[in-house]
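These notes concern the structure reproduced below.
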RNA sequence: GCUCCUGUAACUCAGCUUGGAUAGAGUGCCAGCCUUCUAAGCUGGAAGUCGUAGGUUCAAAUCCUACCAGGAGCACCA
């Protein structure tokens, strides 16, 4: 629709189509028109008053079947589109509505979720998981071929710590009963021991762990593990198996899937090989104690191998990136992690570039803010965690209660999971979010259940109309004199493809979440003021309701939220 | 100390990329609406120094500079 106006204007003014597109806006209220073209830019070019230009243009522009009326309001040229023409287009849409062909089969690897083995998934892990899943869906919908990788933190100092704790303090019965809880207890106990070692004047970043007795024990354990010590290896495997079971439960509940699940440990050797390569080429340097680091022009230096020659996070990341490129030849790879890792990823990308891997400029880091609870950040070290599984369970329980209370139908799991996903996805990723039970368990207003409810309401109309179909035989619809609610619903629906495109370009699902809410709102206003069944406009309105159903369903699909026919 | 992010109604947030017409939602609060397709809904109301101060511009929440406040990074952690 917008395109028609752009094309029309392009014939009469000396601006490129792209320039016109940027200028066109939507007036503050619909009485002023559907689209507006401000003449300020032209006035500068032609050195005439903007009002005069608007007037001149209004007279020059021809009438078309799509455009009903053009009004001038000061320097603005306001277009009133032919709503029937608009409506005609919308009710024709099918289930592919909004799908794009931006990607044209391009491969895009998305690395997301990536919880650490040995630690439970807590509310802080939810953003990477949900955001990554949504980005997978958005890319798929936009015509890309997305590959989701869950890159588990199955190795690293935290594993060393956990094995030390496991050998010292394991309670076997507790492990049998609730492995996740027992592993958490062990980890927290270790960290508190480590913390008591900290001496005054060591508050500076990292200082406290440099010569810490307990941290050193963990480092030794990690070394042992890398060397293939059998006993250590066995404990490690046991921890991994417990953790994976826990993770899988959560992923199943959330309906999140991956194409590949690999541990970081798999890439230690490849990473080390690259590090030694770098050393040979003179890209990396060696400390007297054997630690290897790389320096940059504009970033702080990065250690890429510990002095005891064990691999660290970045070592494995170097290896993993190279192996992935070899395997997938991706056009782009997105890392979805906490924004605090931004420096780490910038260093990683530069290292790969220095090593001569040109694919390094296909790598992107999507950072997001932290999840806070009250004034605290989730910290596994201190045992300050709200388990993701508990959050999901509690929300599903609440959904069950609501269903009972309202005496309606619906799937509590779908409602609960939808509520959680939506409450996180609706915020711009860059911002921190405050987790509060009050907000997450609120199912009214700007919430997941509100969106699902709108869909169920629409479905209900369709169901009823099918039952009473025998009575009303008027199958051929006339597009009536449209009400303002119908018009705004139609307009909202028509925005969907642009919204998908914007979300894909900006790697930001919150754009879709916000749109979904506006769409549902628009539908509920329509629902309230326009009767469908039995009305003269029934046939047309049924089509409109169906167009809405398709659009909201697709929109929620992109957020990983399912819909129900009844709730 | 250096670098990055955030600051819009009591609370949670859209809008800022690409400057434009009276700054929008939701929650909460107040007042209404269920013998009509699901009230997890709808209608109306009160509520704002767009962090502060400058600058650019015909026009600034939006761009630039400085400052203030909050968060984060600058580990041989991940």
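Residue numbers (the working numbering): 96 to 662. Glycine residues also receive a C-beta, built at the ideal position from the N, C-alpha and C atoms.
task: Quick one: grab the DSSP three-state call for residue 627.
output: Residue state, collapsed to three classes: coil.
Same chain, Cβ closer than 6 Å to residue 295, five either side skipped, listed in chain order: Residue placement at residue 295 is poorly supported in this model, since its pLDDT is 44, which falls under 50; the coordinates are not used for a value here.
Given residue 337 as reference, the closest of 444, 378, 213 once Cα atoms are compared: 213
task: Hey, could you find the ends of the beta strand (DSSP E) residue 133 is sitting in?
output: Here the beta strand (DSSP E) through residue 133 covers 130 to 133.
- request: Could you tell me which of 126, 576, 133, 331 sits nearest to residue 110, measuring between CA atoms?
  value: 133
message: Please return the same chain residues whose Cβ sits closer than 6 Å to the Cβ of residue 120, not counting the five positions on each side in sequence.
response: 131
- prompt: If we count Cβ pairs, one from each stretch, closer than 8 Å, do we get three or more for the stretch 548 to 556 versus the stretch 245 to 265?
  reply: no
- request: Could you check how far apart the C-beta atoms of residue 329 and residue 258 are, in whole angstroms? I think they sit under 8 Å.
  value: Going by Cβ atoms, the distance from residue 329 to residue 258 rounds to 10 Å, so no, they are not a contact pair.
- prompt: In chain order, what residues of the same chain lie with their CB nearer than 8 Å to the CB of residue 244, ignoring the 5 residues before and after it?
  reply: 204, 205, 206, 207, 353, 354, 355, 356, 357, 419
- request: Give the DSSP-derived three-state secondary structure of residue 428 in the structure shown.
  value: Residue 428: strand per DSSP, three-state reduction.
message: I need the DSSP call for residue 452, collapsed to helix, strand or coil.
response: It is coil, neither helix nor strand.
- request: State the Cα-Cα distance for the pair residue 268 and residue 319, rounded to the nearest angstrom.
  value: 27 Å
query: By DSSP, does residue 355 sit in helix, in strand, or in coil?
result: In this structure, residue 355 counts as strand in the three-state DSSP scheme.
query: Could you give the distance in angstroms between the alpha-carbon of residue 403 and the alpha-carbon of residue 286?
result: 22 Å
task: Compute the minimum distance between the beta carbon of residue 414 and the heavy atoms of the ligand ATP, and state whether it is under 7 Å.
output: No copy of the ligand ATP appears in this structure; indeed no ligand is present at all.
task: Note down, one range per segment and in chain order, each alpha helix (DSSP H) of at least 4 residues found wholly within the stretch 558 to 645.
output: 579 to 601, 605 to 624
field: Proximity winner among 579, 542, 639, relative to residue 189 (alpha-carbon distances)
entry: 639
Cβ distance (whole Å) where residue 193 is taken to contact residue 486 below 8 Å: With a contact defined as Cβ atoms closer than 8 Å, residue 193 and residue 486 miss out at about 30 Å.
task: Would you check if the stretch 168 to 178 and the stretch 146 to 154 touch, i.e. whether three or more CB-CB distances between them fall below 8 Å?
output: Two segments are said to touch when three or more pairs of C-beta atoms, one from each, lie closer than 8 Å; by this definition the stretch 146 to 154 touches the stretch 168 to 178.
query: Based on Cα-Cα distance, which residue from 407, 174, 541 lies nearest to residue 361?
result: 407
field: Coarse secondary structure for residue 109, derived from DSSP in three states
entry: coil
task: Return yes when the Cβ of residue 425 is within less than 8 Å of the Cβ of residue 463, no when it is not.
output: It is not a contact, given that the beta carbons lie outside the stated cut-off.
- prompt: Under the three-state reduction of DSSP, which class applies to residue 433: helix, strand or coil?
  reply: Strand at residue 433.
- request: May I ask you to report which of helix, strand or coil DSSP gives residue 148?
  value: helix
Between the CA atoms of residue 443 and residue 414 - distance to the nearest angstrom: 11 Å
task: In angstroms with no decimal places, state the Cα-to-Cα distance between residue 648 and residue 341.
output: 30 Å
- prompt: Residues in its own chain within less than 8 Å of residue 627 by CB, not counting five upstream and five downstream?
  reply: 556, 560, 633, 636, 637, 640
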